[in-house]
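Numbering (our numbering), first residue to last: 1427 to 1642.
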């Protein structure tokens, strides 16, 4: 368990509840600055970890289970799985993965638009622009298989190592793992070792969104 993974999990939990890091702290009854980036390192540069008390208060305030938070830390999934505490569900747009490269499904900001989407009912996620993609083919194996469904959140923060959906300005759409991001370029690792890795200038990328859940 790494320091950055804990903070990423808190950031993602905040995003999925439509909150900033400060808003999440406030909802949990903590000082609004508790989760600010400036509080994540000590003055001498050493890592500062969130207290177990603050994490417990966040879970209680958001209704997330410890299991769900642990999954966030590992990057496995990012939707709440806390049963009756939050049984609310909603319908979100769904298209096939091969359709995602076509015009008319996303606006310039990468948000789902248009009337060509199907819908699927899933547990509530805080991002109102979340959408679902149905995987086709074997290019994402063994992580995602033909027929799997992934939920993508445009609002979820992205860190190195996250699985992402990327669309280029040429209309290519791919699911990869973000291996490196600089001020000018991103490097993507293929999930299927038989497929190549990619590197793009940011000017070539239309958008990049984090995968927050997958049906397996």
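We put the beta carbon where it would ideally sit given N, CA and C, even for glycine.
A contact between stretches requires three or more CB pairs, one per stretch, nearer than 8 Å, and the stretch 1446-1454 fails this requirement with the stretch 1585-1600. Judged by DSSP secondary structure, residue 1558 falls within the beta strand (DSSP E) whose first and last residues are 1557-1560. Selection 1432, 1453, 1463, 1570 evaluated against residue 1478 yields 1432 as nearest (Cα-Cα). Residue environment: residue 1438 is assigned as buried (16 or more neighbouring CB atoms within 10 Å of its CB, all protein chains considered). From the listed residues 1539, 1494, 1488, 1547, the smallest Cα separation to residue 1517 is found for 1547. Here DSSP, grouped into helix, strand and coil, assigns residue 1451 to helix. Judged by DSSP secondary structure, residue 1485 falls within the alpha helix (DSSP H) whose first and last residues are 1478-1488. The beta-carbon separation of residue 1560 and residue 1522, rounded to 5 Å, stays under the 8 Å limit for a contact. Spatial neighbours of residue 1627 in its own chain (CB-CB distance under 7 Å, excluding positions within 5 residues in sequence) are listed in chain order as 1610, 1611. Minimum Cα-Cα distance from residue 1487 among the listed residues 1436, 1465, 1533, 1459 corresponds to 1436. With contacts defined by Cβ atoms closer than 8 Å, residue 1604 and residue 1558 do not form a contacting pair. In this structure, residue 1454 places its C-beta atom within 8 Å of the C-beta atom of residue 1484. In this structure residue 1574 is in contact with residue 1640, their Cβ atoms being roughly 6 Å apart against a cut-off of 8 Å.
Residue 1568 and residue 1457 have their alpha carbons spaced roughly 43 Å apart. Note that the C-beta distance between residue 1555 and residue 1531 is not below 8 Å. Taking the C-beta atoms as reference points, residue 1606 is found no nearer than 8 Å to residue 1636. Secondary structure note for residue 1468: it is in no beta strand (DSSP E), with a DSSP letter that is neither H nor E. Taking the Cβ atoms as the reference, residue 1593 lies roughly 5 Å from residue 1632, within the contact range of under 8 Å. Assignment of residue 1436 by DSSP, reduced to helix, strand and coil, places it in the helix class.
In the three-state reduction of the DSSP assignment, residue 1461 falls in the coil class, being assigned neither a helical nor a strand state. Exposure of residue 1496 is indicated by the presence of fewer than 16 other C-beta atoms within 10 angstroms of its C-beta. Annotation for residue 1627: the continuous beta strand (DSSP E) segment containing it runs 1624-1627.
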